[in-house]
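Enquirer:
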C-alpha cells in the first residue's frame with residue numbers, strides 16, 4: 001500500500017476542524033492560519049497527485065486502471081442464512097474524470113479561505129463548518145464506493161445550511177432552508193436508487209452484494225437478478241430519471257433551479273465561490289460518474305431530452321441574468337446558463353462534447369469563483385450590489401477593472417481565454433450529435449455577451465456617483481492574492497489547454513466508448529427532434 | 001315439564017320484563033332498580049346452566065359493584081328534569097335501536113351456528129366447564145401464570161388509585 | 001403441573017427480578033418515608049440486576065408456562081432496549097426539576113417505573129392472547145398514573161385523563177377482537193390459532209373470513225393505539241406534552257419497543273404460513289393480507305405525523321408528532337414480512353433509543369433552566385449554551401436520518417428492507433417523508449443558531465458538568481454508530497429468531 005494520498009487530502013480538513021475546535025474562539029488569527037495551512041496543504045497534495053497522475057489510464061469502469069486506489073474493508077457483517085454477507089468497502093480512487101475536480105476543489109477551497117477573512121461573526125464556528133464542507137466535497141470526488149459517496153454527499157448539506165443561514169444576508173433563513181430541503185429531496189432519490197443497485201449487484205469475488213460503483217457498471221457479469229438486472233426495463237428507466245432529478249437539483253437544471261439564486265444572493269462571498277465553483281459540479285460529476293456508466297442504455301435513450309434540458313438552461317439562465325439588477329443574482333443566473341453548456345456537452349455523447357463538458361466544469365469553477373470574488377470586493381466596500389448604483393469604476397479602480405475584464409470575457413467565451421476552449425469543444429461535440437438544438441443553444445453565447453457587456457458598461461463606464469468617491473479603493477493585496485491565481489489559470493488554459501485536456505481525454509474517451517458500446521443506438525426518446 | 005324448565009321460563013320472563021321496564025321508565029332511579037332485577041334474573045339463568053362462577057360474578061360485580069356506581073352517578077348528576085333527556089332527537093337516539101337490533105341478529109346467528117339451529121338441549125360439557133371447582137382448577141394449573149400476572153396488575157392499579165386519590169401534599 | 005412451573009421459572013428470572021423490584025421498592029417507600037432517591041436507587045439496582053441476567057437467556061426459543069410465555073432471542077433483544085431505557089429514565093429522573101416539585105410522592109414514581117418496565121418486558125414474550133391483554137393492561141394502567149404524576153400541573157392531569165379514556169376504549173376494542181379470534185378458532189394460544197386457521201377452511205371463506213379480518217383490524221386498533229399509529233394517535237400529542245418529560249421519553253422509546261415486539265409476535269406467529277430460509281421472507285397465511293393494511297397505516301402515520309409536526313411550537317409536542325412519524329417508519333419493517341425487516345426494526349430501535357432519549361434529555365434540562373419548551377425560546381441558544389445546542393442538533397439530525405449520524409444507518413436499513421421486498425412505492429413515500437421532517441427539525445436549528453436571543457442577551461446559560469457529560473455521552477453513540485454499527489446489526493440479525501411452536 002502506497003501513501004494514502006486521497007484519504008489524506010480528504011480528511012486533512014477534518015483534522016483542521018478538530019484543531020479549530022480546540023482553539024479558543026478569541027484566537028482568530030490562529031484559527032484563520034489553521035484554515036490557510038490546511039487548505040494550502042490540500043493544494044500541494046492536489047498538485048502532487050496531479051503530477052503523479054498517469055493520464056494514459058482510462059479508469060471509469062475499469063478497476064485496475066483507477067489510480068491512487070485505496071481499498072479497505074469497512075463494514076463486514078458475516079453471512080446469515082436468509083441474507084447474504086454485508087460488505088461495505090472504504091474505496092477511494094480517481095481517474096481522468098475526477099482528477100480535474102480534485103484540483104479544482106483544492107484550489108477553490110484555498111482561495112475561499114482568504115475570501116473568508118472578511119467574516120467577523122463567530123469565526124471559530126465559521127471555519128469549523130467551512131472545513132467540514134471542504135472534506136465533504138473532496139470526498140465526493142474521490143469516493144468510488146457508492147455508500148461512501150452518499151455519506152460525503154450528505155455531509156456537505158449541514159455545513160452549507162449553517163454557512164448560509166448564520167453568515168448570510170438578510171433573507172438567509174429562507175435561502176438556507178430552501179437549499180437544504182431541495183438538495184435533501186434530491187439525495188433521498190439517490191439513496192433509493194443506491195439501495196436498489198446494491199441489492200442487484202453482486203461482487204463476483206466475494207459473492208456478496210456490493211456498493212462498488214465499478215461493479216455496478218458491469219450488469220452482464222454482476223447483475224444476475226434483482227430490481228435493476230434487466231437492461232431497458234422500466235425500473236432502470238425510473239432509476240435513471242430519479243438519479244437525473246437528484247443530480248439536476250444540484251446542477252441546477254431548469255425546473256429544479258429555484259434554490260440557486262436565493263442561496264447565492266444570501267450566502268457570504270466565500271460560500272458563493274464554493275457553491276458555484278465546486279458544489280454545482282457535483283451534479284454533473286454525479287451524472288458522468290453514476291448515471292451514464294451504470295445506466296448507459298438510458299443515457300443514450302434520453303440523449304435528446306438531455307440536450308433540450310441543456311438548451312433550456314443556457315437560454316433561460318441567460319435571459320434571467322439579463323433582467324437582474326443585483327450583481328450577485330446576475331452571476332447566479334449566468335451560472336445556470338453556463339452549467340447548461342456542461343449538460344449539452346455531456347448529452348452529445350462523444351469525446352469532443354464530453355471533454356468540453358468536463359473542461360467547462362473546471363473552467364466555470366474558476367471563472368465563476370472569480371466573478372463572485374469580484375462581486376465580494378465591491379460589496380465589502382459599498383455594502384450594496386445594485387448594478388445601477390454604480391458607474392465609472394474603471395477610473396477609480398483600474399486593477400479591479402482589469403481582473404473583471406478577464407473574468408467577463410472568459411465567461412463570454414472570448415478566444416484566448418479558458419471559457420472559449422470548453423465552449424468550443426461543447427458545441428463541436430453537440431453539433432455532431434444534434435445540429436438543431438446545438439444551433440439554438442448558440443443563442444446563449446449572444447445573450448451571454450449581451451448581459452456581460454451591458455453589466456460592464458453599467459458598472460465601469462460613465463461617471464462614478466458622488467457617494468462612492470470616498471469608499472471605493474482599488475483591490476487590496478489580499479484580494480489580488482485570491483484573484484490573481486484564477487486569472488492566471490484562465491489565461492493559461494485559454495492559450496495552452498493541453499495539460500487539462502490530456503488529464504481527462506483518455507478517461508472520457510473510454511467513458512463514451514463504453515456507454516455507446518453497452519447501449520447500441522436504437523430507438524431513442526424524442527428521437528425525431 | 002321439569003322443575004328446571006319452569007325455573008328457566010320464570011327467570012327468562014323476569015329478565016325480559018325487567019329489561020323492558022329499564023328502558024321505558026322515565027325516572028332513572030326506577031330504571032336502575034329494574035336493571036338490578038334484570039341482573040339477578042340473568043344470574044339465575046346462569047345457575048340453571050351450571051355456571052355457578054359466572055352467576056356469582058354476575059351478582060357480585062354487576063348487581064353489586066357496577067350498580068352502586070350507576071346509582072352514584074345518577075345521584076351526583078342530580079337530574080332535575082328528566083323529561084329533557086327525551087326532547088332532543090339526534091342521530092344518537094336512532095343509533096341506539098339500530099345497534100341493538102344488530103346485536104340481536106349477531107347473537108341469534110351465533111346461537112344458531114353453535115347449536116345447529118336447535119335450542120332444546122345444553123351442551124354436556126357446560127355442566128363441567130362452568131363450575132367453581134373447574135374454574136379454580138384451571139386458574140391454578142393452565143392459567144396460573146396469567147393469574148399471578150393479573151394479581152400484580154391489580155396491585156399496581158390499586159397503588160396507583162391510592163396515589164391519584166391522595167391529597168396533593170400529604 | 002408444578003414441574004412445568006418450576007421448569008419454566010428458571011428461564012423467568014429477569015422478569016421475577018423486575019416484579020420483586022416493584023414490590024420491594026414499594027415496601028421500601030412505605031417503610032422509609034421521604035427517602036425518594038433511595039427508592040430510585042433501589043429500582044435502578046433492580047433493573048440492573050434484571051439486565052445482567054438477560055445474556056444467560058437460552059439461545060434457542062423456549063416456550064414456558066404451558067405456552068403462555070416465550071423466551072426467545074427476539075424478545076430478549078427488546079428486553080435489553082426496554083430495561084436499558086428504564087434505567088436511563090430513572091437516571092434522568094434524579095435530575096429532573098419537574099419531579100422535584102412533586103416531592104410528596106416521587107418514591108411511588110420510581111416504583112411505577114419498575115412496574116411499567118416489568119409490564120413491557122412481559123409484553124415482549126407474551127404468546128397467548130390472555131397474556132397479551134394482561135401485559136398491555138399492566139403497562140397501560142401504570143402509564144396512566146405516571147402520565148398524570150405532576151399533579152400540580154393542570155396539563156399533566158388532563159393528559160392522564162385523556163390517556164385513560166382513549167386507553168380504555170382501545171383496550172375494549174382489542175378485547176373484542178380477541179374474543180372474535182377466540183370464537184373463530186377456539187383457542188387463545190397464538191400457535192394454536194395458527195393451527196386452527198390452517199385446518200379450518202371455514203375460517204378463510206365467507207362470513208367467518210370477514211369476521212377474521214374484522215378481528216385483525218380490531219387487534220390492530222389496540223396495538224396501533226399503543227404505538228400511536230394514525231388514526232389511533234389522538235392521545236399522543238396531549239399525553240406527551242402533558243406528562244413529565246422523563247415519562248414522555250420512556251413512552252416514546254420503551255413502550256413503542258414493547259408493542260412492536262408483541263405486535264410482530266402476534267402477526268408472525270398467528271398468521272405465519274411459510275418462510276423461505278434462503279431469503280428470509282415470510283408469507284402470510286392464506287389470503288389474510290394484513291401486511292397491506294399495515295402498509296396503508298404506515299403511510300398515513302408517517303405522513304400525518306410529519307405534516308402536523310411542522311405546525312408545532314412546543315418542542316415536546318413536536319417530538320410527540322415526530323415519534324408518531326417514526327412509528328410509521330418502523331411499521332414499514334413489519335410490512336415487508338422478512339427477517340431483514342425485523343432486523344432493520346431492531347437496529348432502528350437501538351438508534352432511536354440514542355437519538356430520542358438524547359433529544360428528550362436536552363428538552364428536559366432546558367425546560368428546567370428556562371421554564372419553557374417553546375421553540376421560539378430557544379433563540380440564541382447556539383451561543384449561550386454551545387454543548388447542549390450541539391447535542392440537540394446532532395440528535396435532531398439523527399432523527400432526520402442524515403449522515404454521519406446513527407439515524408441514517410437506521411433509516412438506511414429500514415428502507416433497504418423495503419426495497420429488498422420491492423415495496424418501492426412505500427420506500428418513496430418514506431424517503432419523501434424524511435425530507436418533510438427535515439423542515440421542522442431544522443426549525444429548531446434555525447432558532448438556536450440563525451437567530452439572536454430576543455433581547456440581545458448573550459450571557460451564557462450554564463449547565464452543570466453532569467448535564468454536559470450526559471449530553472456528550474449521548475452524542476458519541478449517535479456519531480459512532482453511523483460508522484461502526486456492525487456489532488449492533490450482527491446482534492439484531494442474531495435476534496430474529498421468534499418462537500414458532502410446532503414448526
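Chains as they are written, first to last, in this note's numbering: chain A, 1 to 529; chain B, 1 to 170; chain C, 1 to 503. The beta carbon of each residue, even a glycine, is placed where N, CA and C say it ideally should be.
#1: What residue range does the beta strand (DSSP E) around residue 62(C) cover?
#2: From residue 189(A) to residue 314(A), what does the alpha carbon distance come to, in whole angstroms?
#3: Provide the residue(s) that pair with residue 70(A) in DSSP beta bridges, ordered along the chain.
#4: Ordered along the chain, which non-local residues of its own chain (more than five positions away) have a Cβ less than 8 Å from that of residue 369(C)?
#5: Identify which residue in 132(B), 163(B), 162(B), 164(B) has its Cα closest to the Cα of residue 46(B).
#6: What distance in whole Å lies between the Cβ atoms of residue 76(C) and residue 57(C), which are believed to be in contact at a cut-off of 8 Å?
#7: Hey, which unbroken runs of the beta strand (DSSP E) at 3 residues or more fall wholly within the region 214-297 of chain C?
#8: For the structure I just gave you, are there three or more beta carbon pairs, one from the region 36-44 of chain B and one from the region 14-26 of chain B, closer than 8 Å?
#9: Find the residues of chain B that neighbour residue 108(C), judging by a C-beta separation of less than 8 Å, and give them in chain order.
#10: For the region 370-378 of chain A and the region 318-337 of chain A, state whether three or more C-beta atom pairs, one from each stretch, are separated by less than 8 Å.
#11: Return the CA-CA distance between residue 91(A) and residue 185(C), expressed in angstroms with no decimal places.
#12: Please report the straight-line C-alpha distance between residue 162(C) and residue 456(C), rounded to a whole angstrom.
#13: Could you tell me the alpha carbon to alpha carbon distance between residue 498(C) and residue 431(C), rounded to whole angstroms?
#14: Below 8 Å on C-beta distance, what does residue 18(A) contact in chain C?
#15: Under the three-state reduction of DSSP, which class applies to residue 485(C): helix, strand or coil?
#16: Here's the rule I'm using: 16 or more other beta-carbon atoms within 10 Å means buried, otherwise exposed. How should residue 215(A) be labelled?
#17: Do you know how far the Cα of residue 347(C) is from the Cα of residue 209(A)?
#18: State the beta-bridge partners of residue 76(A) as determined by DSSP.
#19: Between the Cα of residue 458(C) and the Cα atoms of 18(A), 35(A), 122(A), which residue gives the shortest distance?
#20: When the Cα of residue 29(B) is compared with those of 102(B), 48(B), 11(B), 73(B), which residue comes out closest?
#21: State buried or exposed for residue 535(A), treating a residue as buried only when at least 16 other CB atoms are found within 10 Å of its CB.
#22: Does any residue of chain A bring its CB to less than 8 Å from the CB of residue 490(C)?
#23: Pairing CB atoms from the region 430-441 of chain A with CB atoms from the region 394-412 of chain A, are three or more of them under 8 Å?
#24: Can you tell me where the alpha helix (DSSP H) with residue 12(B) in it begins and where it stops?
#25: Please compile the residues from chain A whose C-beta is within a distance smaller than 7 Å of the C-beta of residue 428(C).
#26: Nearest by alpha-carbon distance to residue 229(C): which of 310(C), 329(C), 141(C), 178(C) is it?
#27: For residue 161(B), which three-state DSSP category applies?
#28: Against chain C, with Cβ distances strictly below 8 Å, would residue 8(B) count as a contact?
#29: Which full runs of the alpha helix (DSSP H) of 4+ residues lie inside the region 430-503 of chain A, going along the chain?
#30: Taking only three categories from DSSP, how would you classify residue 510(A)?
#31: When the Cα of residue 15(C) is compared with those of 29(C), 80(C), 26(C), 289(C), which residue comes out closest?
#32: Tell me whether the region 23-40 of chain A and the region 162-170 of chain A touch, counting them as touching only if at least three CB pairs, one residue from each stretch, are closer than 8 Å.
#33: Please tell me whether residue 99(B) has its Cβ less than 8 Å away from any Cβ of chain C.
#34: Runs of 4 residues minimum, wholly inside the region 339-413 of chain C: which ones carry the alpha helix (DSSP H) assignment?
#35: Quick check on this structure: which residue in 228(A), 305(A), 132(A) has the alpha carbon closest to the alpha carbon of residue 12(A)?
#36: For chain A, is any of its Cβ atoms less than 8 Å away from the one on residue 419(C)?
Expert: The relevant details are as follows:
#1: Here residue 62(C) corresponds to residue number 62 of the third chain, with the count starting at 1. Here the beta strand (DSSP E) through residue 62(C) covers 62-64.
#2: What you label residue 189(A) is simply residue 189 of the first chain in a count that begins at 1. What you label residue 314(A) is simply residue 314 of the first chain in a count that begins at 1. Whole-angstrom Cα-Cα distance: 25 Å.
#3: Within the first chain, numbered from 1, the residue matching residue 70(A) stands at position 70. DSSP, once it has assigned bridges, lists 92(A) as partnering residue 70(A).
#4: As a working mapping, residue 369(C) is identified with position 369 in the third chain. Counting only Cβ-Cβ distances below 8 Å, and skipping sequence neighbours, we find 461, 463.
#5: Along the second chain, read from residue 1 onward, the residue named residue 46(B) stands at position 46. When each option's Cα is compared against that of residue 46(B), the closest is 132(B).
#6: Here residue 57(C) is taken as the residue at index 57 of the third chain, counted from 1. Here residue 76(C) is taken as the residue at index 76 of the third chain, counted from 1. About 5 Å; that satisfies the 8 Å criterion.
#7: 272-276, 281-284
#8: yes
#9: In the third chain, the residue the question calls residue 108(C) occupies position 108. The contacting residues are 159, 163.
#10: yes
#11: Along the first chain, one-based indexing puts residue 91(A) at 91. Along the third chain, one-based indexing puts residue 185(C) at 185. In a straight line, the C-alpha of residue 91(A) is about 56 Å away from that of residue 185(C).
#12: By 1-based counting over the third chain, the position of residue 162(C) is 162. By 1-based counting over the third chain, the position of residue 456(C) is 456. Distance between the alpha carbons of residue 162(C) and residue 456(C) is about 40 Å.
#13: Here the question's residue 498(C) lines up with position 498 in the third chain. Here the question's residue 431(C) lines up with position 431 in the third chain. Cα-Cα distance, rounded: 29 Å.
#14: Mapped onto the first chain, residue 18(A) falls at position 18. Those do not exist, as residue 18(A) stays about 13 Å from chain C at its closest Cβ, beyond 8 Å.
#15: Taking the third chain and counting its residues from 1, the one referred to as residue 485(C) is at position 485. Of the three classes helix, strand and coil, the one that applies to residue 485(C) here is coil, per DSSP.
#16: Within the first chain, the letter at position 215 stands for residue 215(A). Classification for residue 215(A): buried.
#17: Counted from its first residue, the first chain places residue 209(A) at position 209. Counted from its first residue, the third chain places residue 347(C) at position 347. So the two alpha carbons sit approximately 20 Å from each other.
#18: Sequence index remark: in the first chain, residue 76(A) carries index 76 (1-based). Paired residues: 87(A).
#19: For the purposes of this step, residue 458(C) is taken as the residue at position 458 of the third chain. Per the Cα distances, 122(A).
#20: Your numbering for residue 29(B) matches position 29 in the second chain. Among 102(B), 48(B), 11(B), 73(B), the Cα nearest to that of residue 29(B) is on 73(B).
#21: Since the first and last residues shown for chain A are 1 and 529, residue 535(A) lies out of range.
#22: On the third chain, position 490 is the one that residue 490(C) refers to. With 8 Å as the cut-off, residue 490(C) counts as an interface residue toward chain A.
#23: no
#24: Walking along the second chain from the start, residue 12(B) turns up at place 12. Run containing residue 12(B): 3-24, per the alpha helix (DSSP H) assignment.
#25: Counting from one through the third chain, the residue named residue 428(C) turns up at place 428. Chain A residues near residue 428(C): 192.
#26: Here residue 229(C) is taken as the residue at index 229 of the third chain, counted from 1. Answer by Cα proximity: 329(C).
#27: As a working mapping, residue 161(B) is identified with position 161 in the second chain. Residue 161(B) falls in the helix class under three-state DSSP.
#28: Here the question's residue 8(B) lines up with position 8 in the second chain. No - not a single Cβ of chain C is within 8 Å of the one on residue 8(B).
#29: 435-441, 443-460, 477-495
#30: By 1-based counting over the first chain, the position of residue 510(A) is 510. In the structure shown, residue 510(A) sits in a helix (DSSP, three-state: H, G or I).
#31: Locating residue 15(C) in the third chain gives position 15, counting from the first residue. The shortest Cα separation from residue 15(C) among 29(C), 80(C), 26(C), 289(C) belongs to 80(C).
#32: no
#33: Residue mapping note: residue 99(B) aligns to position 99 of the second chain, counting from 1. Answer no: the Cβ-Cβ gap between residue 99(B) and chain C never drops below 8 Å.
#34: 339-370, 381-384, 386-400
#35: Position 12 of the first chain, counting from 1, holds the residue named residue 12(A). Residue 132(A) is the option with its Cα nearest to residue 12(A).
#36: In the third chain, counting from the first residue as 1, residue 419(C) sits at position 419. Chain A contact via Cβ: present.
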